Amino acid sequence: MTESNAKDHSLLENRDDHKEKADNVGKQTLSGNKNNDKLLASSIQGKLRQESPLPDQTCIYRVPHKLFRHNEEAFVPSLVSIGPYHHGEKKLQAMEEMKLWYLRSLIERIPNQNPSLETFVSTIRSMEQFCRDCYDEKFDDLSSDRFVEMMVVDGCFIIELFRRHNLGTGTTIQF
1 MTESNAKDHS LLENRDDHKE KADNVGKQTL SGNKNNDKLL ASSIQGKLRQ
51 ESPLPDQTCI YRVPHKLFRH NEEAFVPSLV SIGPYHHGEK KLQAMEEMKL
101 WYLRSLIERI PNQNPSLETF VSTIRSMEQF CRDCYDEKFD DLSSDRFVEM
151 MVVDGCFIIE LFRRHNLGTG TTIQF
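Using UniProt numbering, the first residue of the sequence shown is number 1, and each one after it goes up by one.
This is how it looks when you write it as structure tokens:
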């Protein structure tokens with residue numbers, strides 16, 4: 001055998017030897033993992049939470065940044081804010097007066113003022129934590145009174161807006 005052939009033969013043997021060792025290591029790893037599957041599964045099971053990290057009623061989320069940055073105008077209100085995400089922004093303040101006017105219109109149409117504005121406030125206050133838990137953020141900067149007021153004003157605004165819009169269609173909403 002020439003020296004060149006000997007080197008080639010040696011390289012082929014080394015390659016085959018490495019391949020066989022790699023195959024055996026893979027088999028050992030796979031069979032070794034099988035013995036530990038129960039332990040690993042048990043470890044993972046211990047990390048699983050029984051309850052969601054978010055309250056069950058969380059259903060209102062801020063738009064993810066990846067979507068937001070592609071088309072900010074689609075996700076930033078330009079006329080009216082509903083709910084806490086953009087509440088209090090200066091550029092939306094003009095509509096706050098309109099929302100209060102719609103609230104007044106709604107209340108004035110209620111016969112005998114029953115339910116009253118006080119009833120709306122106390123009802124929303126009794127549901128405040130539930131309402132807050134619907135959002136994926138805490139809004140700790142909004143006091144209880146400000147949050148309840150926002151929910152009453154915004155909610156009644158939406159009801160009155162829908163009522164007024166439906167008047168033109170011949171369909172009326174009875175209160």
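Cβ atoms here follow ideal geometry from the backbone N, Cα and C, with glycine treated the same way. This one's a predicted model, so the numbers in the text were calculated from it and none came from an experiment.
Extent of the continuous alpha helix (DSSP H) run through residue i
i           : result
R49         : Per DSSP, R49 belongs to no alpha helix (DSSP H) and is neither H nor E.
F75         : E72 to F75
residue 232 : Absent from the model: residue 232. The displayed extent of the chain is 1 to 175, so no value can be given.
S122        : L117 to S126
Per-residue DSSP class, three states only, for residue i
i    : result
Y102 : helix
H87  : coil
I110 : coil
I60  : strand
N166 : helix
Supposed close pair residue i, residue j - CB separation, criterion 8 Å
i    : j    : result
L67  : S81  : About 19 Å; that fails the 8 Å criterion.
Y135 : I44  : About 31 Å; that fails the 8 Å criterion.
L79  : C156 : Going by Cβ atoms, the distance from L79 to C156 rounds to 18 Å, so no, they are not a contact pair.
R163 : F147 : Going by Cβ atoms, the distance from R163 to F147 rounds to 25 Å, so no, they are not a contact pair.
E128 : S144 : 6 Å
Q57  : F139 : 15 Å between Cβ atoms; not a contact.
E137 : R62  : 7 Å
CB contact check: residue i to chain D, cutoff 8 Å
i    : result
P111 : The structure shown contains no chain D; it holds only a single protein chain.
Inset, instruction - Please determine if the region 108-122 and the region 73-85 are in contact, where contact requires at least 3 C-beta pairs separated by less than 8 Å. - result: no
Legend entry - Cβ pair count under 8 Å reaching 3, the region 118-125 against the region 141-159: yes
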